[in-house]
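Chemist: Take a look at the following structure, please.
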Amino acid sequence: MTTYVYEIVPQNPGDAPRHVEIRQSMKDEPLTRHPETGEPIRRVVSGGLGLMGTRSAEPAPSSGHSCCRRSNCCG
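Quick note: the sequence shown uses the numbering used here, first residue 7, plus one each step.
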């Protein structure tokens with residue numbers, strides 16, 4: 007079972023949406039009504055977990071310079 011975040015659709019313009027967590031199978035279709043109150047809801051899609059680093063993808067050269075820093079790169 008997965009826990010999904012749903013947003014209760016505000017009934018009045020200007021009202022802030024409320025959020026609830028609902029457990030359901032990944033195979034289940036997204037809910038359109040709150041299972042207890044019957045209010046209209048929609049599933050919230052958010053970004054996943056990501057890792058960010060500050061290291062450069064370029065390896066440090068062992069001889070103090072790299073042929074790829076020249077105008078004609080090796081390879």
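Ideal Cβ placement from N, Cα and C applies to all residues, glycine included.
Does the Cβ-Cβ distance between R49 and P36 come in under 8 Å?
Modeler: yes
Chemist: CB M7 to CB R29, shorter than 8 Å?
Modeler: Taking the C-beta atoms as reference points, R29 is found nearer than 8 Å to M7.
Chemist: Run through DSSP, which three-state label would E13 get?
Modeler: Judged by DSSP in its simplified three-state form, E13 adopts strand.
Chemist: Thinking just about the alpha-carbon of each residue, which of G54, T60 and P46 is nearest to the one in N18?
Modeler: That would be P46, whose Cα lies nearest to the Cα of N18.
Chemist: How far does the beta strand (DSSP E) with H25 in it extend, from its first residue to its last?
Modeler: R24 to Q30
Chemist: Rounding to the nearest angstrom, what Cα-Cα distance links E27 and V11 in this structure?
Modeler: 5 Å
Chemist: Between T9 and D21, what straight-line distance do the alpha-carbon atoms span, to the nearest angstrom?
Modeler: 25 Å
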